[in-house]
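Worksheet: the structure to be examined is printed underneath.
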Amino acid sequence: ENLMKGLDSSVKKNSSFTKKLRSITEPQRDALTTEFNGLNLSRYIQEAVSIELCLETNQADVSCVAHICSLFHQRYQEFSDLLKKELVKVFENYAGKDEDRAANVTRYRVTLRLLGELILYGVFENLNENIKLLGGILNNIANCDKESHIYVQVIISFAKHCGEDFAGVLSRKHRALVEKHNITWPYTGIIPRDAQASFRHLLQSYYKTLAKHLLQVHKDLQNRERQNRQILLTKGELHADKKESLERAQKSYEKLLASTSNLADVLDEDMPDLPQDELIQQCEGSSTVDIFNPFKNQEYDGESGIWEDEDYRVFYENLKDLKASLPGILYKEDPRTGSSESLDSVDEKVTDKDSSIGNQVELLDDADEELNIEEDFADSDKEAEDTIFCYFFTGADESSESASVVTSGAAAMEALIAKLPTCVNKDMIDEVAMDFMLSCNNKKNRKKLTRAVLTVQRTRLDLLPMYSRLIATLDQCVSDISPEVVKALKGEFRFHVRKKDQINLESKIKSVRFIGELTKFQIFPKGDALHCLKMLLEDFSHHNIEMACNLLEVCGRFLYRSPDSHIRTKNLLEVMMRKKAVQNLDGRQLTMVDNAFYYCNPPERQKMMQKVRPPMHQYIRKLLYKDLSKTTTERVLRQIRKLPWDNTEIALYAIKCFIRIWNVKYNSIHCAANLLSGLSAYHEELALFIVDGVLEEIRLGMEVNHPKLNQRRVCCVRYLGELYNYRLVESRVIFNTLYSFLTFGNPDDGSSSELDPPQHLFRIRLICTLLDTCGQYFDHGNYRKKLDCFLVYFQLYINRKKSSPEWNESRPFPRDVDYMIADTLEILRPKLTVCSTLQEAQEQVEQLERDQKQQIGNSSHGSPHTSITGSPCPSPMPRDDYEPSESGESEQDDSEVLDVDDEYEMIDMEMDDDETAMHRVTRGRFLMKYLYINPSTPPKKVEPTAEDQEFQQMFERLMVDDLHSRRGESLKVPSLDVAVPMHLKGQVRKAEGAVDEKMNFVLMLRKGNKQQYRDLEIPISSDLAANMREKQVAEQAEQQELKRLVLDHNQRQEEEIYNGE
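For the sequence shown, full-length UniProt numbering begins at 1 and goes up steadily by one.
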C-alpha cells in the first residue's frame, strides 16, 4: 500500500499510458517500462487486459507485450487470472467453417505464441496446469485441421518461437551449427521432458498429415495439367474457366508447399518426395518427337526455325539494351514508387531484425550475423534517404523549369516524330529510341509517340516492322506505351470486323500487319493474335480473306513454329483450308490463301544427300569453282599444272570439271577460257576433249530443250565464244554452232517443230550471247562475209518466230527479246538494214542463194578445184570436209585416223596439212594414254566401197583429159597495154644499165592555143639535175623500205594465224 501511495494515480497520465498500450512495439519497451513504474494502474487492470487481447501486433512485438504483462502480474495479482480467462476464450471458436477459421489464423498465431511466452515468463501460476492447458489448445487446433490445414501458419509460428522450450526441437539450421562446432545444446529445464515429448509428438503427427495433404494436392494438380494438355493437343485452346481454375490450384499448391517446407525446417524433418508426372518426364527426358507438337523442345535452326534467316532473328530478338546505355534516373517512371518500395523494404528488414532479437537465441556466430544485419540496415536507410532526397530534388527542379526548356523539349519531340518515317533500318530506329529516352521521356511525349506510331500511313507498310521494334525497345524502360498500342490495335481490329464494310481495305491490312509485327516481338499476346485470326475465319469472305492472309504472312510462321501456339495455329489453318475448299473463291483469293498456308506450313522436302568426293576432287572443284577469278588466274593455273596428270582418274575428272562450266561464276567464264588456253600449252590434247564436251552439251540442250537447262546452255555458249577469243577453236566451229541453232529440228519450210516450238525463243538468246561474246572479231575478210550471210538467215529465223500465231495482240512478242536482238546487231553491224517482215527476210535469203548459185556456176567453168564450200557465204546446210581456213590454206582429214570405240570418240581428228610430225606423235600418245589404245596395234585399213572406186576412176579420167587438153595450149605472157604519150613515140629506148651523164627535162611551151613540148638536157653536174637525181633516189629507197615492212607484217600475221589454228 505504501508503494501504491507513492505512485501517480492521475487520470491524465494513466489514460495516456493505456492509449500507448494500444500501439505497443518493441522499440517502446524501455519507455513503457519506465512509465509503468511511476503509475498506479489498479483502476485500469480490466482495461489493460482488454487492450492486450485486442492488440493487432506483429510477431516481433509479442515479446514486448509479454514483458508488459509480466510487469502487470508482478504488481497486480488479479491481472494474471483475468488475462488467462480472456486468452482461453479466444480459442473457443477454433472449429467452424473454412472461411471462419481462415479469419482466425492471424489472431490465433499471435495469441498462441503470447500464451506460450507468458507461461515461460511465469505469469501464470501452477506450471503443469498451464502446460496441459496449452497442450489442449494446441491439440484441438491440430485435430480439427488435419485435412484442410488452414491453421498451418499457427503451428509453424508456435514451433518456430516456442518449439525449442515446449517440444525440445531444434531447427535444421541450429542443428547444423551444433554439429559443425561439436557442442551440446543447453536444456532450459522449464518444461519437463515428458511434456516436451508429448508436444513433439503432436507437432510431428501434424506434419505427417500436412505432408500427406501436400502429396494429394500435388497429384491433383498434375491431373489438372494432364487434362489441360490433352485439351490443348486436341482443340488447340483452353477455356478461360479452366485456366483460372488451374491458376488457383497452382497458387494453393505453391502456398502449401512453402508451408510444408518451413515446418520441415523448423522440426528438422525431411520433405516428402513429390513424384513427377510420367508424361512430363517423357517430354523432358525423351529424344522422341511429339507428333502433336513437332516444334516443342527443338532448337530452331535452318528450315525448321521460327525465322527465315539469321537477319530476321537478329532483327526481332536482339533488341538494343537501353538500360545498359542510360542512367537509371532516365527510365524511372515515378520516383515516389521507388521510395515507397525502398522504405517498405527497410521496414521489413527492421521487422526481421527485431524478430531475430526477440528470439534471443545465443549462437556462436550470432555476433557476426547481427553485425552484417546492422550494416544492411544502415545501407538500406541510406538508400531510402537518398531516394527521398532525389524525389524532392527532382520535384524542385521540375517546378523551376523555365519556359525555354519546355519549348526546346517540345521541339525535340516534334523533330523526333518527323524523323520516324525516314527510319528504314534497325540502326536508325534504335537511334530514335535512344534519343527519345535521353530528351523526350515524359508522360505527355509518350502519348504523342503512341499517337504518331498508330497514325502511320496505310501505304507505308514497310514502316510497321520498324515501329514495332521501337515499341519493343522502349518497353524495356517505359511500360505504358506498348499497352496503349495493343489496346488501340485491338479496338481498331474489332471495329473493322464488326462493321463489315467493303471499303478501307488498306487500313484493315495495315492494322492486321501491325498486329502481326508486334506479335513477333512478343508485345501483342499470341493468344490474342490467334483470336483475331479466329474472328476472321468465322466470316471468311471479302476483306476478311485478305486480312487473314496478311496476318498469316506476317506472323503465321512464328505462331506455327512456336511450341505454345503450334496446335492452335495448326487447327486454324486446317479450318481455313476447309473453308477454301467449300467456298467459291476467285483465283486471286485462292492464290492468297495457298501462299499464306504454305508460308506457315511449307511442304516437306526430302533432304538431298551430300555427295562424298575424294580430297583431290574437292581440291579441283575449289580451284575452278571458287578460287578462279580475274586476279587469281595465274595462281590457279600453277596449281592446276601441279595435278598428277599421269593419273587417268584425276585427269578425266579435271576435264569433266572444265566441261561443266555452269558451275563457274558467270563473270569468271572468260577466266576459265584463259586458264584452259594457258594449260593447253602443256597438255595440248586437253583443249580438244573440253571443246568436244562443250559442243556435246550444246547439242544435248537443243535435243532436250528443257527450261531447267537454260542457264547451263547460256554458260556453255558463252564458254564456246570465249574459247574462240583465246584461239582454242576455229571460226568454222562458231559458225557451225550458229547455223545449228537455226536448223536443228527445224524443217526447211519453216513449219512448227517439237524441238523448237514457235513460243520458244531461247535459241535467239543463245545466238545473241555467242555473237556478243566473239562476234566483234568477224569484221574483216571472209569472216565479215560469213557473218553477213548468217545474219540474213538469222533475220529469217526471227521473222518466222514473230509471224507465228502464238504471238498476237493479246500476247505480243516479248520486248526484251527485241531489245536484245537490236543491241547485238547494233554492236556487230550498226548500218545493217533489219528486215521488219517475213517477206523481206525471205527475199533477202532468196537473193543470197541466187548469188551463191551464180557464183558456183561461174566457178565450175573456171578452176576445177573450186567447190561450193569455197564460197565465203556458206549455206546453213552441213559443211563438207574440205573448207578453206582463215589463213587461206585448205584443211583436210588427217591421214592417220585412230580406230576408237564410239563411247570414247570425243575429239575431232581434223588437222592441218602443215602439222608437224612431232605434233601428230604427241596427239597419238595422248589419245592412246587416255583412250586405252595399244600403240603396237597397227590401224585397220578401211576397204573402199564400190562407189568410192567408181568416183576414183571418174576423177582420174577427168584429170587425164584436162592434162591432154592443156598440152596443146601455148603459154603466152600477157602484154601490158599502156598508152604511150604522143611526144615520146618514136624515141629509142635506152639500154638497161646505162648511166646518163645528162638529165632530160620536158619544157612545155604555149604558142597561140596550142601546147608544144621540147626536150631540154641538163648536165648532171648542174645543181638542178643533181638535186632532182638525189630526190629520186631517196623516194625509191623509201618505197623499198615500205615494201619490205609490209611483206614482213603479212608474213608474221599468216604465221600467227597458222600457229593459232
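Virtual Cβ for every residue (Gly too), placed ideally from N, Cα, C. Computed from a prediction, not measured in an experiment: that's the story for all the values here.
Enclosing alpha helix (DSSP H) for residue i [first to last residue]
i: Phe1001; result: Looking at the DSSP string, Phe1001 is not in any alpha helix (DSSP H); the run it does join, the beta strand (DSSP E), is 998-1007.
i: Phe790; result: 781-802
i: His174; result: 172-181
i: Met535; result: 526-538
i: Ala654; result: 648-659
i: Arg815; result: 815-828
i: Gln611; result: The question names Gln, but residue 611 is Lys in the sequence shown. Here Lys611 belongs to no alpha helix (DSSP H), and DSSP marks it neither H nor E.
i: residue 1106; result: Look at the range of the chain in this structure, 1 to 1061, and you will see that residue 1106 is not part of it.
i: Gln153; result: 152-166
i: Val314; result: 310-317
i: Gly587; result: 587-600
i: Gln74; result: 62-75
i: Asn104; result: 98-121
i: Gln250; result: 240-267
i: Tyr719; result: 710-725
i: His683; result: From DSSP, His683 is part of no alpha helix (DSSP H); its letter is neither H nor E.
i: Gln59; result: No alpha helix (DSSP H) holds Gln59; DSSP gives it neither H nor E.
i: Lys626; result: Where Lys626 is concerned, there is no enclosing alpha helix (DSSP H), given that its DSSP letter is neither H nor E.
i: Gln639; result: 633-641
i: Gly135; result: 127-143
Cβ shell of residue i (< 7 Å), same chain only, five flanking positions each side left out
i: Gln639; result: Leu623
i: Ser752; result: Pro758
i: residue 1100; result: Nothing in the structure corresponds to residue 1100, since the chain is present only between 1 and 1061.
i: Tyr76; result: Ser42, Ile45
i: Leu530; result: Leu559, Ser565, Arg568, Thr569, Leu572
i: Glu492; result: Ser511
i: Ala596; result: Cys549, Leu552, Glu553, Gly556
i: Asp61; result: Ile24, Thr25, Glu26
i: residue 1077; result: No answer is possible for residue 1077: it lies beyond the span of the chain, which begins at 1 and ends at 1061.
i: Glu1056; result: none
Residue span of the beta strand (DSSP E) that contains residue i, given as start and end
i: Leu470; result: Run containing Leu470: none in the beta strand (DSSP E); it sits in the alpha helix (DSSP H), 464-474.
Same chain, Cβ closer than 6 Å to residue i, five either side skipped, listed in chain order
i: Ala917; result: Unreliable positioning characterises Ala917 in this predicted model, as indicated by a pLDDT of 34, which lies under 50. The coordinate reading is nonetheless provided below. Counting only Cβ-Cβ distances below 6 Å, and skipping sequence neighbours, we find nothing.
i: Phe199; result: Phe166, Ala167
i: Glu369; result: Bear in mind that the predicted position of Glu369 carries a pLDDT of just 35, short of 50, making it unreliable; the figure below should be weighed with that in mind. Hits under 6 Å: none found.
i: Cys768; result: Met820, Thr824
i: Pro812; result: none
i: Leu848; result: Val792
i: Val11; result: none
i: Pro878; result: For Pro878, the predicted model reports a pLDDT of 37, less than 50, meaning its position is unreliable and no value from the coordinates is stated.
For residue i, the residue or residues it bridges with in DSSP
i: Gln1011; result: Arg1006
i: Pro563; result: For Pro563, which the question treats as bridged, DSSP gives no partner whatsoever.
i: Glu1017; result: Asn1000
i: Asp8; result: Leu39
Cβ-based neighbour list, residue i, same chain, cut-off 8 Å, excluding 5 preceding and 5 following
i: Thr473; result: Leu319, Lys320, Leu322, Ile429, Asp430, Ala433
i: Arg957; result: none
i: Ala48; result: Thr18, Leu21, Leu41, Phe72, Phe79
i: Leu7; result: Gly38, Leu39, Asn40
i: Pro747; result: Ser753
Supposed contact pair residue j and residue i - C-beta distance, whole angstroms, cut 8 Å
i: Arg109; j: Ser157; result: 4 Å
i: Leu274; j: His239; result: With 8 Å as the limit, Leu274 and His239 do not qualify as a contact, their Cβ atoms being about 27 Å apart.
i: Tyr467; j: Val456; result: 6 Å
CB contact below 8 Å: residue i versus chain B
i: Arg815; result: This model lacks chain B altogether; it includes just one protein chain.
Checklist line | Contact between the segment 503-513 and the segment 545-558 (3+ Cβ pairs under 8 Å) | finding: A contact exists between the segment 503-513 and the segment 545-558.
Margin query: I'd like to know if the segment 133-142 and the segment 171-191 are in contact, where contact means that at least 3 CB-CB pairs between them fall below 8 Å.
Written below: No: fewer than three Cβ pairs fall under 8 Å.
Check: Can you find at least 3 beta carbon pairs, one from the segment 648-657 and one from the segment 682-698, that sit closer than 8 Å?
Finding: Output reads yes: the segment 682-698 touches the segment 648-657.
Next item on the list: Decide yes or no for the touch test of the segment 696-715 against the segment 639-648: beta carbon pairs closer than 8 Å, at least 3 of them.
Entry: In short, these stretches do not touch, since the Cβ pair count stays below three.
Note to self: Does the contact criterion of 3 or more C-beta pairs under 8 Å hold for the segment 483-498 versus the segment 521-537?
What the structure shows: Because the criterion of three Cβ pairs below 8 Å is met, the segment 483-498 and the segment 521-537 touch.
Note to self: Would you call the segment 598-613 in contact with the segment 580-588, where contact means no fewer than 3 C-beta pairs closer than 8 Å?
What the structure shows: The segment 598-613, when compared against the segment 580-588, does not touch it at the 8 Å Cβ threshold.
Check: Is there contact here, the segment 624-636 with the segment 671-681, by at least three beta-carbon pairs under 8 Å?
Finding: Verdict: yes, contact present.
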